[in-house]
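Colleague: In the working numbering, the protein residues as written are 37 to 362.
Glycine is no exception: its CB is placed at the ideal position from the N, C-alpha and C atoms.
Here you go, one structure.
Here it is as C-alpha coordinates:
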(Lines of atoms letter the chains of each structure in order from A; the text may use other names.)
(Lines give C-alpha, C1' and ligand atoms only; values in the text may rest on other atoms or scores of the structure.)
Protein backbone atom coordinates (compact mmCIF):
# COMPACT_ATOMS: atom_id res chain seq x y z
CA UNK A 37 0.00 0.00 0.00
CA UNK A 38 2.77 2.35 0.86
CA UNK A 39 4.25 1.62 -2.62
CA UNK A 40 1.27 2.91 -4.32
CA UNK A 41 1.18 6.14 -2.39
CA UNK A 42 4.66 7.20 -3.57
CA UNK A 43 4.26 6.82 -7.43
CA UNK A 44 1.29 9.09 -8.26
CA UNK A 45 3.44 12.30 -8.04
CA UNK A 46 6.00 11.13 -10.62
CA UNK A 47 3.58 10.19 -13.48
CA UNK A 48 2.34 13.72 -14.38
CA UNK A 49 5.91 14.96 -14.76
CA UNK A 50 6.77 12.27 -17.29
CA UNK A 51 3.65 12.95 -19.36
CA UNK A 52 4.42 16.69 -19.62
CA UNK A 53 7.84 16.03 -20.95
CA UNK A 54 6.48 13.75 -23.61
CA UNK A 55 4.05 16.41 -24.75
CA UNK A 56 6.75 18.99 -25.06
CA UNK A 57 8.86 16.62 -27.06
CA UNK A 58 6.01 15.94 -29.40
CA UNK A 59 5.33 19.66 -29.80
CA UNK A 60 8.93 20.39 -30.46
CA UNK A 61 9.09 17.55 -32.93
CA UNK A 62 6.10 18.83 -34.79
CA UNK A 63 7.47 22.36 -34.71
CA UNK A 64 10.84 21.22 -35.98
CA UNK A 65 9.19 19.16 -38.71
CA UNK A 66 7.09 22.14 -39.71
CA UNK A 67 10.14 24.36 -39.80
CA UNK A 68 12.01 21.78 -41.85
CA UNK A 69 9.13 21.50 -44.26
CA UNK A 70 8.80 25.28 -44.44
CA UNK A 71 12.47 25.81 -45.10
CA UNK A 72 12.43 22.94 -47.52
CA UNK A 73 9.57 24.54 -49.40
CA UNK A 74 11.27 27.90 -49.29
CA UNK A 75 14.51 26.41 -50.55
CA UNK A 76 12.65 24.47 -53.24
CA UNK A 77 10.62 27.49 -54.27
CA UNK A 78 13.72 29.65 -54.38
CA UNK A 79 15.48 27.03 -56.45
CA UNK A 80 12.49 26.82 -58.78
CA UNK A 81 12.37 30.60 -59.09
CA UNK A 82 16.08 30.68 -59.80
CA UNK A 83 15.61 28.08 -62.50
CA UNK A 84 12.81 30.13 -64.04
CA UNK A 85 14.93 33.27 -63.88
CA UNK A 86 17.87 31.42 -65.39
CA UNK A 87 15.60 30.05 -68.09
CA UNK A 88 14.22 33.51 -68.80
CA UNK A 89 17.70 34.98 -68.85
CA UNK A 90 18.77 32.21 -71.21
CA UNK A 91 15.76 32.92 -73.40
CA UNK A 92 16.50 36.63 -73.35
CA UNK A 93 20.18 36.03 -74.10
CA UNK A 94 19.22 33.64 -76.87
CA UNK A 95 16.74 36.15 -78.23
CA UNK A 96 19.28 38.95 -78.06
CA UNK A 97 21.90 36.75 -79.72
CA UNK A 98 19.45 35.78 -82.46
CA UNK A 99 18.46 39.42 -82.90
CA UNK A 100 22.10 40.50 -83.09
CA UNK A 101 22.79 37.78 -85.64
CA UNK A 102 19.78 38.88 -87.65
CA UNK A 103 20.97 42.49 -87.40
CA UNK A 104 24.37 41.48 -88.80
CA UNK A 105 22.73 39.56 -91.63
CA UNK A 106 20.43 42.48 -92.31
CA UNK A 107 23.31 44.96 -92.31
CA UNK A 108 25.22 42.81 -94.81
CA UNK A 109 22.16 42.51 -97.04
CA UNK A 110 21.49 46.25 -96.81
CA UNK A 111 25.09 47.07 -97.72
CA UNK A 112 24.85 44.78 -100.74
CA UNK A 113 21.57 46.38 -101.79
CA UNK A 114 22.98 49.88 -101.33
CA UNK A 115 25.99 48.97 -103.47
CA UNK A 116 23.65 48.09 -106.33
CA UNK A 117 21.64 51.30 -106.22
CA UNK A 118 24.67 53.46 -105.48
CA UNK A 119 26.85 52.32 -108.39
CA UNK A 120 25.58 54.90 -110.87
CA UNK A 121 23.15 52.33 -112.23
CA UNK A 122 19.87 53.91 -113.25
CA UNK A 123 17.22 51.28 -112.62
CA UNK A 124 14.21 51.34 -114.89
CA UNK A 125 11.21 49.20 -115.64
CA UNK A 126 11.31 45.72 -114.08
CA UNK A 127 14.59 46.46 -112.29
CA UNK A 128 13.12 49.52 -110.62
CA UNK A 129 10.13 47.44 -109.53
CA UNK A 130 12.42 44.81 -107.98
CA UNK A 131 14.40 47.51 -106.23
CA UNK A 132 11.14 48.87 -104.81
CA UNK A 133 10.33 45.41 -103.41
CA UNK A 134 13.79 45.27 -101.82
CA UNK A 135 13.29 48.66 -100.17
CA UNK A 136 9.91 47.54 -98.81
CA UNK A 137 11.43 44.34 -97.37
CA UNK A 138 14.25 46.33 -95.77
CA UNK A 139 11.73 48.64 -94.14
CA UNK A 140 9.72 45.71 -92.72
CA UNK A 141 12.83 43.96 -91.40
CA UNK A 142 14.17 47.16 -89.87
CA UNK A 143 10.81 47.68 -88.11
CA UNK A 144 11.11 44.29 -86.39
CA UNK A 145 14.79 44.60 -85.47
CA UNK A 146 14.22 48.07 -84.00
CA UNK A 147 11.71 46.64 -81.51
CA UNK A 148 13.18 46.28 -78.00
CA UNK A 149 11.03 43.27 -77.15
CA UNK A 150 10.66 41.51 -80.47
CA UNK A 151 8.99 38.12 -80.05
CA UNK A 152 10.48 34.86 -81.21
CA UNK A 153 7.82 34.69 -83.93
CA UNK A 154 8.71 38.17 -85.14
CA UNK A 155 12.42 37.32 -85.18
CA UNK A 156 11.62 34.17 -87.12
CA UNK A 157 9.63 36.27 -89.57
CA UNK A 158 12.54 38.73 -89.82
CA UNK A 159 14.93 35.85 -90.54
CA UNK A 160 12.68 34.60 -93.34
CA UNK A 161 12.39 38.10 -94.77
CA UNK A 162 16.19 38.53 -94.68
CA UNK A 163 16.54 35.30 -96.64
CA UNK A 164 13.96 36.62 -99.13
CA UNK A 165 15.81 39.95 -99.21
CA UNK A 166 19.12 38.26 -100.05
CA UNK A 167 17.45 36.23 -102.78
CA UNK A 168 15.94 39.36 -104.34
CA UNK A 169 19.26 41.21 -104.06
CA UNK A 170 21.13 38.33 -105.72
CA UNK A 171 18.52 38.21 -108.49
CA UNK A 172 18.75 41.96 -109.03
CA UNK A 173 22.55 41.82 -108.96
CA UNK A 174 22.56 39.03 -111.56
CA UNK A 175 20.24 41.01 -113.85
CA UNK A 176 22.30 44.17 -113.45
CA UNK A 177 25.49 42.25 -114.24
CA UNK A 178 23.81 40.75 -117.28
CA UNK A 179 22.69 44.19 -118.41
CA UNK A 180 26.18 45.56 -117.80
CA UNK A 181 27.61 42.76 -119.91
CA UNK A 182 25.09 43.45 -122.66
CA UNK A 183 25.83 47.15 -122.36
CA UNK A 184 29.56 46.48 -122.71
CA UNK A 185 28.85 44.41 -125.80
CA UNK A 186 26.68 47.19 -127.17
CA UNK A 187 29.37 49.73 -126.32
CA UNK A 188 31.97 47.63 -128.12
CA UNK A 189 29.62 47.20 -131.07
CA UNK A 190 28.90 50.91 -131.03
CA UNK A 191 32.62 51.69 -130.97
CA UNK A 192 33.11 49.35 -133.90
CA UNK A 193 30.24 51.02 -135.73
CA UNK A 194 31.72 54.42 -134.89
CA UNK A 195 35.08 53.28 -136.26
CA UNK A 196 33.42 51.91 -139.37
CA UNK A 197 31.37 55.09 -139.69
CA UNK A 198 34.55 57.15 -139.38
CA UNK A 199 36.19 55.03 -142.05
CA UNK A 200 33.11 55.30 -144.27
CA UNK A 201 32.95 59.04 -143.63
CA UNK A 202 36.60 59.31 -144.58
CA UNK A 203 36.03 57.22 -147.67
CA UNK A 204 32.91 59.21 -148.47
CA UNK A 205 34.83 62.45 -148.01
CA UNK A 206 37.51 61.12 -150.32
CA UNK A 207 34.89 59.99 -152.82
CA UNK A 208 33.15 63.35 -152.54
CA UNK A 209 36.48 65.02 -153.11
CA UNK A 210 37.14 62.82 -156.11
CA UNK A 211 33.59 63.35 -157.32
CA UNK A 212 33.91 67.09 -156.84
CA UNK A 213 37.22 67.02 -158.65
CA UNK A 214 35.72 64.90 -161.41
CA UNK A 215 32.72 67.17 -161.63
CA UNK A 216 35.00 70.20 -161.72
CA UNK A 217 37.10 68.59 -164.42
CA UNK A 218 33.96 67.56 -166.28
CA UNK A 219 32.53 71.06 -165.95
CA UNK A 220 35.85 72.48 -167.14
CA UNK A 221 35.90 70.11 -170.10
CA UNK A 222 32.29 70.93 -170.90
CA UNK A 223 33.05 74.61 -170.50
CA UNK A 224 35.99 74.35 -172.89
CA UNK A 225 33.96 72.19 -175.27
CA UNK A 226 31.15 74.74 -175.21
CA UNK A 227 33.47 77.38 -176.65
CA UNK A 228 32.12 78.64 -179.94
CA UNK A 229 34.10 78.54 -183.19
CA UNK A 230 34.01 81.11 -185.96
CA UNK A 231 34.63 80.18 -189.59
CA UNK A 232 34.48 81.89 -192.98
CA UNK A 233 35.54 85.16 -191.45
CA UNK A 234 35.43 88.00 -193.95
CA UNK A 235 36.49 91.59 -193.28
CA UNK A 236 35.34 94.32 -195.65
CA UNK A 237 36.24 98.01 -195.46
CA UNK A 238 33.35 100.22 -196.53
CA UNK A 239 32.50 103.80 -197.22
CA UNK A 240 29.15 104.86 -195.77
CA UNK A 241 27.35 107.23 -198.14
CA UNK A 242 25.03 109.96 -196.91
CA UNK A 243 22.19 107.81 -198.13
CA UNK A 244 23.40 105.04 -195.82
CA UNK A 245 24.57 102.90 -198.68
CA UNK A 246 27.80 101.02 -198.01
CA UNK A 247 30.48 100.86 -200.72
CA UNK A 248 33.52 98.61 -200.47
CA UNK A 249 36.99 100.13 -200.57
CA UNK A 250 40.59 99.23 -199.84
CA UNK A 251 41.62 102.84 -199.38
CA UNK A 252 42.56 103.54 -195.79
CA UNK A 253 41.78 107.24 -196.01
CA UNK A 254 38.32 106.70 -197.49
CA UNK A 255 37.21 103.72 -195.35
CA UNK A 256 34.72 104.49 -192.58
CA UNK A 257 34.46 101.09 -190.93
CA UNK A 258 35.02 97.37 -191.13
CA UNK A 259 32.08 95.06 -191.72
CA UNK A 260 32.96 91.66 -190.32
CA UNK A 261 30.95 88.58 -191.23
CA UNK A 262 31.44 84.98 -190.12
CA UNK A 263 29.66 81.77 -189.29
CA UNK A 264 29.38 80.58 -185.68
CA UNK A 265 29.75 76.87 -186.22
CA UNK A 266 27.45 74.15 -184.88
CA UNK A 267 28.16 73.11 -181.29
CA UNK A 268 26.05 70.44 -179.61
CA UNK A 269 27.40 71.18 -176.14
CA UNK A 270 26.98 74.92 -176.00
CA UNK A 271 23.59 75.71 -174.41
CA UNK A 272 21.30 78.06 -176.26
CA UNK A 273 21.33 81.70 -175.24
CA UNK A 274 23.21 84.94 -175.55
CA UNK A 275 26.96 84.58 -176.08
CA UNK A 276 29.56 87.33 -176.00
CA UNK A 277 32.15 87.62 -178.74
CA UNK A 278 35.14 89.89 -178.18
CA UNK A 279 36.63 91.44 -181.33
CA UNK A 280 40.27 92.48 -181.06
CA UNK A 281 41.63 94.67 -183.88
CA UNK A 282 45.36 95.21 -184.13
CA UNK A 283 46.68 98.21 -186.08
CA UNK A 284 49.34 97.83 -188.77
CA UNK A 285 51.91 99.09 -186.27
CA UNK A 286 50.97 96.25 -183.85
CA UNK A 287 49.07 98.33 -181.31
CA UNK A 288 45.49 97.55 -180.18
CA UNK A 289 42.94 99.68 -181.97
CA UNK A 290 39.95 101.32 -180.30
CA UNK A 291 40.28 99.65 -176.90
CA UNK A 292 36.90 99.48 -175.10
CA UNK A 293 37.95 97.32 -172.19
CA UNK A 294 39.59 94.03 -171.25
CA UNK A 295 38.49 90.42 -170.75
CA UNK A 296 40.11 87.35 -169.21
CA UNK A 297 41.96 84.79 -171.28
CA UNK A 298 42.01 81.14 -170.16
CA UNK A 299 45.47 81.57 -168.71
CA UNK A 300 44.10 84.29 -166.42
CA UNK A 301 45.73 87.22 -168.19
CA UNK A 302 43.84 90.30 -169.37
CA UNK A 303 43.46 91.19 -173.04
CA UNK A 304 42.16 94.44 -174.50
CA UNK A 305 39.26 94.21 -176.93
CA UNK A 306 38.06 96.62 -179.58
CA UNK A 307 34.40 95.63 -179.59
CA UNK A 308 32.10 93.28 -177.66
CA UNK A 309 29.31 91.68 -179.64
CA UNK A 310 26.42 89.60 -178.29
CA UNK A 311 24.92 86.88 -180.46
CA UNK A 312 21.85 84.78 -179.72
CA UNK A 313 23.13 81.24 -180.25
CA UNK A 314 20.92 78.19 -180.69
CA UNK A 315 22.45 74.88 -179.61
CA UNK A 316 23.49 72.54 -182.40
CA UNK A 317 22.98 75.06 -185.19
CA UNK A 318 25.22 77.24 -187.37
CA UNK A 319 24.68 80.93 -186.82
CA UNK A 320 25.69 83.60 -189.38
CA UNK A 321 26.95 86.73 -187.65
CA UNK A 322 27.68 90.25 -188.89
CA UNK A 323 29.04 93.19 -186.92
CA UNK A 324 30.65 96.53 -187.66
CA UNK A 325 33.68 98.18 -186.20
CA UNK A 326 34.86 101.80 -186.45
CA UNK A 327 38.29 102.92 -185.34
CA UNK A 328 38.69 105.84 -182.99
CA UNK A 329 40.48 107.75 -185.76
CA UNK A 330 41.12 107.36 -189.48
CA UNK A 331 42.33 104.02 -190.80
CA UNK A 332 45.98 103.70 -191.69
CA UNK A 333 47.47 101.92 -194.65
CA UNK A 334 48.76 98.46 -193.91
CA UNK A 335 47.62 95.10 -192.60
CA UNK A 336 44.99 94.93 -189.85
CA UNK A 337 44.55 91.78 -187.83
CA UNK A 338 41.06 90.93 -186.60
CA UNK A 339 40.72 88.28 -183.85
CA UNK A 340 37.49 86.94 -182.39
CA UNK A 341 37.39 85.52 -178.84
CA UNK A 342 34.82 83.56 -176.88
CA UNK A 343 35.05 81.97 -173.45
CA UNK A 344 38.67 83.09 -173.08
CA UNK A 345 39.76 81.37 -176.29
CA UNK A 346 40.52 82.78 -179.73
CA UNK A 347 37.89 81.23 -181.99
CA UNK A 348 38.82 82.83 -185.28
CA UNK A 349 41.18 85.27 -187.01
CA UNK A 350 41.29 87.24 -190.25
CA UNK A 351 43.46 89.94 -191.81
CA UNK A 352 42.59 92.95 -193.90
CA UNK A 353 45.07 95.09 -195.84
CA UNK A 354 44.25 98.69 -196.67
CA UNK A 355 46.11 100.82 -199.13
CA UNK A 356 47.52 104.11 -198.02
CA UNK A 357 45.61 105.66 -200.89
CA UNK A 358 46.52 108.44 -203.37
CA UNK A 359 45.13 110.51 -206.21
CA UNK A 360 43.80 107.44 -208.00
CA UNK A 361 43.26 105.27 -204.88
CA UNK A 362 39.83 103.80 -204.43
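1) Strictly by DSSP, which residues pair up with residue 345?
2) By the three-class DSSP mapping on this structure, what secondary structure does residue 100 have?
3) Is the Cβ-Cβ distance between residue 30 and residue 346 less than 8 Å?
4) In the DSSP assignment, find the alpha helix (DSSP H) that holds residue 216 and state where it starts and stops.
5) Which class does residue 297 belong to by DSSP, given the choice of helix, strand or coil?
6) Could you say which of 334, 340, 211 and 184 lies nearest to residue 356 if we only look at CA atoms?
7) Which term fits residue 220, buried or exposed, when burial requires 16 or more other beta carbons within 10 angstroms of its beta carbon?
8) Measuring CA to CA, which of 64, 273, 353 and 130 is closest to residue 315?
9) Just to confirm the assignment, what range does the beta strand (DSSP E) spanning residue 274 have?
10) Please list, in chain order, all residues of the same chain as residue 229 whose beta carbon is under 6 Å from its beta carbon, the five residues on each side excluded.
11) Quick one: what does DSSP say residue 233 is sitting in, helix, strand or coil?
12) To the nearest whole angstrom, what separates the beta carbons of residue 162 and residue 141, a pair I think is in contact under 8 Å?
13) Report the residue from 289, 280 and 285 whose alpha carbon sits nearest the alpha carbon of residue 296.
14) Nearest to residue 258 by CA position, among 128, 284 and 234, is which residue?
15) For residue 179 and residue 152, what's the separation of their Cα atoms in angstroms?
16) Indicate whether residue 276 and residue 308 have their beta-carbon atoms separated by less than 8 Å.
17) I need the straight-line Cα distance from residue 260 to residue 212, nearest angstrom please.
18) What's the call for residue 210, buried or exposed, on a 16-neighbour Cβ count within 10 Å?
19) Where does residue 59 fall in DSSP's three states?
Modeller: According to the structure data:
1) 342
2) helix
3) Because residue 30 is not part of the residues shown, which for the chain are 37 to 362, the question remains open.
4) 152-225
5) coil
6) 334
7) exposed
8) 273
9) 273-282
10) 265 and 347
11) strand
12) 6 Å
13) 280
14) 234
15) 40 Å
16) yes
17) 42 Å
18) exposed
19) helix
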